[in-house]
Amino acid sequence: MSVLFGWVLPYIVLIVFLGGMIHRMLAWTHIPVPFKLTVFPSPDTTCGAVADLAKEAIGFRSLWRGKKGLWFMSWLFHISLAFIIVGHFFGIGLLGQQFTMFGISAEESEHLSALMGTYAGVALVLGLLMLSIRRISSPTVRFISNFADYLALILLIGIAGSGMYMRLFAEIPYSVVQEYLVGLLTLHPIAPPNHPAFLFHFTMVELLLLYFPSSKLMHSCGIFFSRWLITRPHERQVILK
Amino acid sequence: MSESVRIPFLSKDNSHMNLSFVPTEDRPKAAIEILGEMLKYKRSLKLYLDVCTHCGACAEQCHSYLGTKDPYNMPVARVDLVRRVYKKLFAPGHSIFRAWDGAKDIDQETIDLWYKYFYQCNQCRRCAVYCPKGIDTAEVTIAMRELLAHLGLVPKFHAGITKNMKLTGNNMGTPIPAILDGIEFLEEELKDETGLDIPIPVDKKGAEVLFNPSSSDLFTNTDGMMAVAKIFYKAGISWTLSSRITETANFGLFFHEPTLREHNRKLMEAGKELGVKRIVAGECGHGWRTWRMFTDTINGPLPFPVVHLFEEVLEYMKDGRIKFDKSKNPEIVTYHDPCNYSRGGNLIEQPREILRACVENFIEMTPTAQYSFCCGGGSGILMDEAMELRMALGQPKAESVRNTNAKILCAPCAICKAQLPTVMTYHKVDVTVKGLSDLMGRALIL
Numbered sequence: 000m001s002v003l004f005g006w007v008l009p010y011i012v013l014i015v016f017l018g019g020m021i022h023r024m025l026a027w028t029h030i031p032v033p034f035k036l037t038v039f040p041s042p043d044t045t046c047g048a049v050a051d052l053a054k055e056a057i058g059f060r061s062l063w064r065g066k067k068g069l070w071f072m073s074w075l076f077h078i079s080l081a082f083i084i085v086g087h088f089f090g091i092g093l094l095g096q097q098f099t100m101f102g103i104s105a106e107e108s109e110h111l112s113a114l115m116g117t118y119a120g121v122a123l124v125l126g127l128l129m130l131s132i133r134r135i136s137s138p139t140v141r142f143i144s145n146f147a148d149y150l151a152l153i154l155l156i157g158i159a160g161s162g163m164y165m166r167l168f169a170e171i172p173y174s175v176v177q178e179y180l181v182g183l184l185t186l187h188p189i190a191p192p193n194h195p196a197f198l199f200h201f202t203m204v205e206l207l208l209l210y211f212p213s214s215k216l217m218h219s220c221g222i223f224f225s226r227w228l229i230t231r232p233h234e235r236q237v238i239l240k
Numbered sequence: 000m001s002e003s004v005r006i007p008f009l010s011k012d013n014s015h016m017n018l019s020f021v022p023t024e025d026r027p028k029a030a031i032e033i034l035g036e037m038l039k040y041k042r043s044l045k046l047y048l049d050v051c052t053h054c055g056a057c058a059e060q061c062h063s064y065l066g067t068k069d070p071y072n073m074p075v076a077r078v079d080l081v082r083r084v085y086k087k088l089f090a091p092g093h094s095i096f097r098a099w100d101g102a103k104d105i106d107q108e109t110i111d112l113w114y115k116y117f118y119q120c121n122q123c124r125r126c127a128v129y130c131p132k133g134i135d136t137a138e139v140t141i142a143m144r145e146l147l148a149h150l151g152l153v154p155k156f157h158a159g160i161t162k163n164m165k166l167t168g169n170n171m172g173t174p175i176p177a178i179l180d181g182i183e184f185l186e187e188e189l190k191d192e193t194g195l196d197i198p199i200p201v202d203k204k205g206a207e208v209l210f211n212p213s214s215s216d217l218f219t220n221t222d223g224m225m226a227v228a229k230i231f232y233k234a235g236i237s238w239t240l241s242s243r244i245t246e247t248a249n250f251g252l253f254f255h256e257p258t259l260r261e262h263n264r265k266l267m268e269a270g271k272e273l274g275v276k277r278i279v280a281g282e283c284g285h286g287w288r289t290w291r292m293f294t295d296t297i298n299g300p301l302p303f304p305v306v307h308l309f310e311e312v313l314e315y316m317k318d319g320r321i322k323f324d325k326s327k328n329p330e331i332v333t334y335h336d337p338c339n340y341s342r343g344g345n346l347i348e349q350p351r352e353i354l355r356a357c358v359e360n361f362i363e364m365t366p367t368a369q370y371s372f373c374c375g376g377g378s379g380i381l382m383d384e385a386m387e388l389r390m391a392l393g394q395p396k397a398e399s400v401r402n403t404n405a406k407i408l409c410a411p412c413a414i415c416k417a418q419l420p421t422v423m424t425y426h427k428v429d430v431t432v433k434g435l436s437d438l439m440g441r442a443l444i445l
C-alpha cells in the first residue's frame, strides 16, 4: 500500500495536476473574445485593472457587496488555506526555523510556526464547516448543489481534519516529512513516515490534486481569466472632442 | 414534455433572418452541434461554464429570481441548464468526474427549458457585479438565445421587431412617409409651444450631428424628441435624422448576431453618406451598449465618433451654449439606471449631472448606479402575452422606487419607458415615468 500511495502515486498526481491545470488554462487562452464585455465602472488603465483583480482575489470584493455572511465564510476559508499552503512550504522546508530571520531564537521560531499553523488550521476547519452547513441547510443552495460540490468539501474537511489531528494529538517532526518529500523530489523516494494520520492526510491531498483539473476547483485559475473579461480596461477608440 | 414547460409566443416565420425551423426530433442533435461551434469562438461562454462553483452569491441579486421565486431563475441554475449538457458532452476530464458535476444528456425537454428560462433573463448583468468569478449570465443568455434562434425558436415579438427594422429602418415598422408626416406634426407642435421655427431636419447632407433616436420617441414619447430638437436649436448645432435608420434599439444584441451587425452597419453607412462629424445616440439602453462597446469590433475604427446624447448635452452645458431653469421641474425626481447605461455602457455620472442641473429635487434610490435593479423589460421581454411575467420581473424595481416617494421616475431608455409605467401601476406605485430628454426640454431656457 505505502509503495503505491507513497512512491508511485505522488508522481502521477504531480503530472496530472500540473499538466491538467496548464492544459485547461491554455484551452481558455486559445478561444477568441469577439466583443468587449467590460462591466462598468471599470478601471481605465491596465495597472488599474490588475489592481482591481488583486483586490478581488485577496479581498473577495464582489462577495462583500452581497451577503456579508457568505463573504465571511468564504474569505476565512480561502485566506487560511492560502496561509496554510505557504506555511507548509516554509515550515517543512525550513523545519520551522523560518522566523529566525526576524532575529528570534530557533526555539521561539518553531513555537511561533506551530502557533500560527494551529490558528490557521482552526480558521480553515471553521470556514469549511460553515460553508458545508450553508450548503446543506439552505434549500436554495441545496437546489444548485451537485455531488461534486459536496465532494470538494468532504475532501477538504478530510485534509484539514487530519492535519489538525496531527497538529494537536499526534505531532510528527517536520524533519521526517521533509526527508520523505526531498526523497520524492530528488527521485530517490524513501518510505513515507509510517503514521496513519500522515498517510491519510497525504493520500487525501493526492486525491484532491488528481481531481483538481477536472473539477470546479479550477476556479482558482479561472477567476483571473473570467474576471479579466469584465474588468479589463476599455480603451474607447473615439474620444469626445 | 412536462406540463409546466410550454413554449409560448413562438414566431412562425423567421425567413427575414434566414433562419429555418429544425424539426422537433432533430433539435437536440442540432443544438449540440451549434453549442460545440459556439464554444470555439466565445471564450466567455466556455469560461463561465467552467469556473462556476455553485456558491449561490448571484441568487439573491437577480431580480428575475426575486420577482418570480422560480429556482431556475437563479443565474447559477439558469446557466446550469446549459452547464449540464456541456459537462456531458464537451467538458474535459473523466466521464465519472463530469457525472458528479451534474452532467445530463440533452433531450427535447432541455431545449424547452432553455427557451423558457433564457427568455426570463433580462440580460441586465447585475449578477456579474456580485459574482466573485465575474460570471456575466447575460453572455450565456445571448449565446443560448442565438442557439435557439438557429433551431427556429424565436418569440413572435422579437421576430416582428427585426422584420420591422429590416423593412423600414425602425422597430415600430413605421414607413418613411409616415415618419416624415409625424416629424412635420412635431415641428408644428414646437412652433405652437415656443413660437419659434425649430426644425427637425431629415437627411440633411453635411450636418454636424446625425441624431439616432429611439423610434418610439417619434410617436409615443414625442416630448423627448421635441426636447432634443430644442436643445440642438439652442446650442446652434446643425443636425439631422436619417430616413434610412431611425432606431437606436438593436434587437440583434438579444438573440441574433447577424441582425446586430447589419443594424450597426446601417447606421455607419447612413453617417458616412450624410458626411456627419459624429453620431449622437438617443435614449436607449442596450442600443447604447451596442454602439459604445460593439461598433469597433463590427465595423472597425470609425471615421467619426458615436457619442451619447447626454455626453453631447454635457458638452453644451460646459460651453455655456445651453442653460436650464430648475424651477420648471419642482417635483421629486428619482433616477432609474438603465442596465446598459450603468453596467453596460459607462453612463453613470453624466445623466446625474444633467439631472442636478435641470430638476430641483433629485434623490437617489437604493440600490442605484451599477447595483440598480432592471426594470424587468430588458432584452425585449416586452410582449403583451408575457404580462404576468413582466410584472413579476419588475417587482424589485417597483419596491426601490416606492421607497423614494418620488413623483417622477426618470428612465432614459425606450424599453424602460415601455415597461415601467405598467409595472408601477400594477404594483401601485404612484409615479410618472419620463425620459431625461423630457425633463431637459421642460427646463431648457430658450
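Residue numbers (numbering that gives the first Met the number 0), protein chains in the order written: chain A, 0 to 240; chain B, 0 to 445.
Ideal Cβ positions, reconstructed from N, Cα and C, are used throughout, including at glycine.
A quick note: this is a predicted structure, and the numbers were derived from the prediction, not measured.
Between the region 46–57 of chain B and chain A, which residues of the former have CB atoms less than 8 Å from a CB of the latter, in chain order? Listed by position, the residues of the region 46–57 of chain B near chain A (Cβ gap below 8 Å) are Leu-46, Tyr-47, Asp-49, Val-50, Cys-51, Thr-52, His-53, Cys-54, Gly-55 and Ala-56.
What residue from B/Lys-276, B/Ile-236, B/Gly-223 and B/Lys-204 has the CA that sits closest to B/Ser-242's CA? Reading the second sequence from its first residue, position 243 is the one you call residue 242 of chain B. Nearest of B/Lys-276, B/Ile-236, B/Gly-223 and B/Lys-204 to B/Ser-242, Cα basis: B/Lys-204.
Simplified DSSP state of B/Met-0, which is helix, strand or coil: On the second sequence, position 1 is the one that residue 0 of chain B refers to. At B/Met-0 the pLDDT is 37, less than 50, meaning the model places this residue with poor confidence and gives no usable figure here.
Start-to-end residues for the beta strand (DSSP E) that takes in B/Lys-433: Sequence index remark: in the second sequence, residue 433 of chain B carries index 434 (1-based). If you look at B/Lys-433, you'll find it in the beta strand (DSSP E) that goes 431–433.
If distances are taken between C-alpha atoms only, which option among B/Lys-155, B/Cys-123 and B/Gly-133 comes closest to B/Ile-141? Translated into the one-based positions of the second sequence, residue 141 of chain B becomes position 142. Taking only the C-alpha atoms, the option nearest B/Ile-141 is B/Cys-123.
Quick check on A/Ser-136 - is its C-beta less than 8 Å from some C-beta in chain B? Working through the first sequence from its first residue, we reach residue 136 of chain A at position 137. Interface with chain B (8 Å Cβ-Cβ cutoff): A/Ser-136 is excluded.
Rounding to the nearest angstrom, what Cα-Cα distance links A/Leu-69 and A/Ala-196 in this structure? Within the first sequence, residue 69 of chain A is the residue found at index 70, counting from 1. Within the first sequence, residue 196 of chain A is the residue found at index 197, counting from 1. Spanning the two alpha carbons is a distance of roughly 31 Å.
Same chain, Cβ closer than 7 Å to B/Ala-102, neighbours up to 5 away in sequence not counted: Translated into the one-based positions of the second sequence, residue 102 of chain B becomes position 103. Taken in chain order, the residues that qualify are Arg-83, Lys-86 and Lys-87.
Can you round the beta-carbon distance between B/Lys-276 and B/Glu-188 to whole angstroms, since I take them to be within the 8 Å contact cut? Numbered from its first residue, the second sequence carries residue 276 of chain B at position 277. Numbered from its first residue, the second sequence carries residue 188 of chain B at position 189. Going by Cβ atoms, the distance from B/Lys-276 to B/Glu-188 rounds to 28 Å, so no, they are not a contact pair.
Determine the DSSP secondary structure at A/His-77, reduced to helix, strand or coil. Residue 77 of chain A sits at position 78 when you count from the first residue of the first sequence. Look at A/His-77 here: in three-state DSSP terms it is helix.
Return the chain-ordered ranges of every beta strand (DSSP E) run that is complete within the region 64–113 of chain B and spans a minimum of 3 residues. Fully contained in the region 64–113 of chain B is no beta strand (DSSP E) run of length 3 or more.
Any C-beta of chain A sitting closer than 8 Å to the C-beta of B/Tyr-40? Here residue 40 of chain B corresponds to residue number 41 of the second sequence, with the count starting at 1. For B/Tyr-40, the nearest CB of chain A lies under 8 Å from its own CB, placing it at the interface with that chain.
Under a three-way DSSP split, which group does A/Phe-89 fall into? Numbered from its first residue, the first sequence carries residue 89 of chain A at position 90. A/Phe-89 falls in the helix class under three-state DSSP.
Just reading off the alpha helix (DSSP H) that B/His-334 is part of, what are its end residues? The residue given as residue 334 of chain B occupies position 335 in the second sequence. Reading the sequence as shown, one finds Tyr at residue 334 of chain B and not His. Unbroken run through B/Tyr-334 is the beta strand (DSSP E), 331–334; no alpha helix (DSSP H).
Assuming B/Val-332 contacts B/Cys-409 under a Cβ cut-off of 8 Å, what Cβ separation, rounded to an integer in Å, is found between them? The sequence position of residue 332 of chain B within the second sequence is 333, counting from 1. The sequence position of residue 409 of chain B within the second sequence is 410, counting from 1. The Cβ separation is near 6 Å, so the contact holds.
I need the DSSP call for B/Ala-228, collapsed to helix, strand or coil. Counted from its first residue, the second sequence places residue 228 of chain B at position 229. It is helical.
Nearest-angstrom beta carbon gap, B/Lys-396 and B/Cys-374 [assumed within contact, 8 Å]: Start at 1 with the first residue of the second sequence, and residue 374 of chain B comes out as number 375. Start at 1 with the first residue of the second sequence, and residue 396 of chain B comes out as number 397. That belief holds up - the Cβ atoms of B/Cys-374 and B/Lys-396 are roughly 5 Å apart, short of 8 Å.
DSSP beta-bridge partners of B/Leu-9: For the purposes of this step, residue 9 of chain B is identified with residue 10 of the second sequence, where counting begins at 1. As computed with DSSP, B/Leu-9 is found in a beta bridge with B/Pro-154.
Looking only at C-alpha atoms, which of B/Pro-366, B/Phe-323 and B/Leu-346 sits nearest to B/Arg-355? For this step, residue 355 of chain B is matched to residue 356 along the second sequence. Checking every option, the nearest Cα to that of B/Arg-355 belongs to B/Phe-323.
Let's see if you can read the secondary structure: which residues bound the alpha helix (DSSP H) around A/Leu-94? As a working note, residue 94 of chain A is residue 95 in the first sequence. For A/Leu-94, there is no enclosing alpha helix (DSSP H), since its DSSP letter is neither H nor E.
Could you tell me the alpha carbon to alpha carbon distance between A/Gly-47 and A/Lys-54, rounded to whole angstroms? Reading the first sequence from its first residue, position 48 is the one you call residue 47 of chain A. Reading the first sequence from its first residue, position 55 is the one you call residue 54 of chain A. When rounded, the distance between both Cα atoms is 10 Å.
List, in order along the chain, the chain B residues whose C-beta lies closer than 9 Å to that of A/Met-217? For the purposes of this step, residue 217 of chain A is taken as residue 218 along the first sequence, with counting starting at 1. The answer, in chain order, is Asp-49 and Val-50.
Here's the rule: buried if 16 or more other CB atoms are within 10 angstroms of the residue's CB, otherwise exposed. What is B/Arg-97? Residue mapping note: residue 97 of chain B aligns to position 98 of the second sequence, counting from 1. Label assigned to B/Arg-97: buried.
Going by the beta-carbon positions, is the gap between A/Glu-107 and A/Gly-95 smaller than 8 Å? As a working note, residue 107 of chain A is residue 108 in the first sequence. As a working note, residue 95 of chain A is residue 96 in the first sequence. No, the Cβ-Cβ distance between A/Glu-107 and A/Gly-95 is not below 8 Å.
Contiguous beta strand (DSSP E) assignments of at least 3 residues, all confined to the region 354–432 of chain B: Those beta strand (DSSP E) runs which fall completely within the region 354–432 of chain B and span 3+ residues are 360–362 and 407–409.
Contact residues within the region 138–149 of chain A, judged by C-beta distance below 8 Å to chain B: Result list: Thr-139, Val-140, Phe-142, Ile-143, Ser-144, Asn-145, Phe-146, Ala-147 and Asp-148.
Counting Cβ pairs closer than 8 Å, one from the region 65–74 of chain B and one from the region 221–236 of chain A, do we hit at least three? Because the criterion of three Cβ pairs below 8 Å is not met, the region 65–74 of chain B and the region 221–236 of chain A do not touch.
Do B/Arg-441 and B/Asn-360 have their beta-carbon atoms positioned less than 8 Å apart in this structure? Within the second sequence, residue 360 of chain B is the residue found at index 361, counting from 1. Within the second sequence, residue 441 of chain B is the residue found at index 442, counting from 1. Against a cut-off of 8 Å, the Cβ pair of B/Arg-441 and B/Asn-360 comes out as no contact.
Beta-carbon proximity of B/Glu-186 to B/Ile-199, cut-off 8 Å: On the second sequence, position 187 is the one that residue 186 of chain B refers to. On the second sequence, position 200 is the one that residue 199 of chain B refers to. Result yes, Cβ atoms of B/Glu-186 and B/Ile-199 sit closer than 8 Å.
Find the nearest neighbour of A/Lys-67 within the set B/Lys-406, B/Ile-353 and B/Pro-131, judged by alpha-carbon distance. If you number the first sequence from 1, residue 67 of chain A lands on position 68. The shortest CA-to-CA distance from A/Lys-67 to any of B/Lys-406, B/Ile-353 and B/Pro-131 is the one to B/Pro-131.
Could you please tell me which residues of the region 374–399 of chain B, in chain order, have their CB closer than 9 Å to any CB of chain A? Legend: CB atoms of the region 374–399 of chain B lying less than 9 Å from CB atoms of chain A are not found in any residue.
Length at least 4, wholly inside the region 293–339 of chain B: the alpha helix (DSSP H) runs in chain order: List check, alpha helix (DSSP H) in window: 294–298 and 308–318.
Inspect the beta-carbon positions of A/Ser-219 and B/Ile-134 and report whether they are closer than 8 Å. Counted from its first residue, the first sequence places residue 219 of chain A at position 220. Counted from its first residue, the second sequence places residue 134 of chain B at position 135. Contact flag unset, no.
Alpha helix (DSSP H) runs contained entirely in the region 166–216 of chain A, provided each spans 4 or more residues: List check, alpha helix (DSSP H) in window: 173–184 and 195–210.
First and last residue of the beta strand (DSSP E) that includes B/Leu-346? As a working mapping, residue 346 of chain B is identified with position 347 in the second sequence. In this chain, B/Leu-346 is not harboured by any beta strand (DSSP E), its DSSP state being neither H nor E.
Reduced DSSP category for B/Thr-239 - H, G, I as helix; E, B as strand; rest coil: By one-based count along the second sequence, residue 239 of chain B stands at place 240. Three-state DSSP puts B/Thr-239 in a strand.
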